[in-house]
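Colleague: Chains as they are written, first to last, in the numbering used here: chain H, 744 to 941; chain Z, 15 to 130.
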Amino acid sequence: MTAWAWAALGTVAALVMAALGDLISEEIRGWLDLAPQAILRLAATWLDPAQRETIYQDEWLPELCYALRGAESRPITRLIRGTAYATSLLISARRIARTERTTRVSSTPPKSSTSPISVGTRGLVHSPNLHSSLIARIPATTGVDLPEWFRRLESGPTFLRREERANWLAEDAGISCGYAHAIVHEHEMRRRLRLRGA
Amino acid sequence: MEPPAEDLTLTPKMAAVIKIFLEDTQQPRYGLELMRLAGQPSGTLYPILMKFERAGWLTAGKEDIDPKTEGRPARRFYRVTGSGALAAHHQLAELSERYRPPAAVQPRLAPQGSTA
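1) So, under 8 Å CB-CB, Z:S97 and Z:A19 are touching, yes? Tell me the CB distance rounded to an integer number of Å.
2) Give, in chain order, every unbroken run of the alpha helix (DSSP H) that is at least 4 residues long and sits entirely within the stretch 40-124 of chain Z.
3) In whole angstroms, what separates the C-alpha of H:Q780 from that of Z:R86?
4) In angstroms with no decimal places, state the Cα-to-Cα distance between Z:T58 and Z:A29.
5) Which residues mark the beginning and the end of the alpha helix (DSSP H) in which Z:P26 is found?
6) Does any residue of chain H bring its CB to less than 7 Å from the CB of Z:R112?
7) For H:S850, I'd like the list of residues in its chain whose CB is within less than 8 Å of its CB, leaving aside the five on either flank, ordered along the chain.
8) Is H:L790 helix, strand or coil by DSSP?
9) Any residues in the stretch 26-59 of chain Z with a beta carbon nearer than 7 Å to a beta carbon of chain H? Which ones, in chain order?
10) If you count every other CB in all the chains shown that lies within 10 Å of the CB of Z:A117, and 16 or more means buried, which is it?
11) For H:L775, tell me which candidate among H:W749, H:I798, H:Q794 and H:A827 has the shortest Cα-Cα distance.
12) Going by alpha carbons, who is nearest to H:T846 out of Z:E47, Z:K65, Z:A99 and Z:F91?
13) Spell out whether any CB of chain H is found under 7 Å from the CB atom of Z:P116.
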């Protein structure tokens, strides 16, 4: 009789312990999500109100939620990943806020006259300075001098647009698009000068 | 029409980030993913993304999900623009030029069999 009572008591105790274990792990699981979010909220205190909307609400928080959901089945990975992301932002929040303010304040459209590179209807166009420096470097960089590049262009297929011609040259000779555009542009300029002189 | 990309001088860290976008220009990229792929901490990555976005090299958007179904808010993604990709190619070539060792310098090796 006593043995039965002990067995019953043992079973009840085991059930209670199992239920408690479940409750405790559930509680810990909840805290795992809260800890990185609390760190992230702390990081957001370095942001001004407008930045809290654009940086914290739109960028940081969705990323953290994604990190926490993505590793849902592995609580330790989730804790490490989420905490690492939130902590790195806590450390760098001031720097990010400062950069955002700088780029926001100075966000004026670029002036095409001072920009060394622009993409117009005729393809990639370099500023005169950049163009000269590219042309000067071409023999050393490509191992082929300019007259030889011009000969290759003249013996290549005929294209109507400069961009098509530069793309063909870049692909055919295996050089960068920047150099190919510079060669094509230089070739055109010299041809025009020859025509004017003739 | 897409505005032209503003000129930016790339640093090696910026190059590591923009290269990821050039691997697949149609692929949207996310902050945490970029931190892992570029091996850059958030304090480096986010300011770089802001500079690229401001210069017109990158454009940002919202992930196309239903937050209620997914149980999480939509993330912000970045994608390279056409003019940004072109400018990035050019600037990566420039950066590679800046770090190319001079051709005249050859490593001096000890002659074979020498004990000195």
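From the three backbone atoms N, C-alpha and C, an ideal C-beta is built for every residue, glycine too.
Modeller: Concretely, from the data shown:
1) 4 Å
2) Segments of the alpha helix (DSSP H) lying fully in the stretch 40-124 of chain Z: 45-52, 56-68, 81-84 and 96-112.
3) 13 Å
4) 12 Å
5) Where Z:P26 is concerned, the enclosing alpha helix (DSSP H) stretches over P26 to E37.
6) no
7) Confidence at H:S850 is low in this model, with a pLDDT of 46, below 50, so the placement of that residue should be treated as unreliable; the coordinate-derived value is given next. Excluding positions up to five away in sequence, the list is empty.
8) coil
9) Y44, G45, L46, P55, S56 and G57
10) exposed
11) H:A827
12) For the residues Z:E47, Z:K65, Z:A99 and Z:F91, the minimum Cα distance to H:T846 belongs to Z:K65.
13) no
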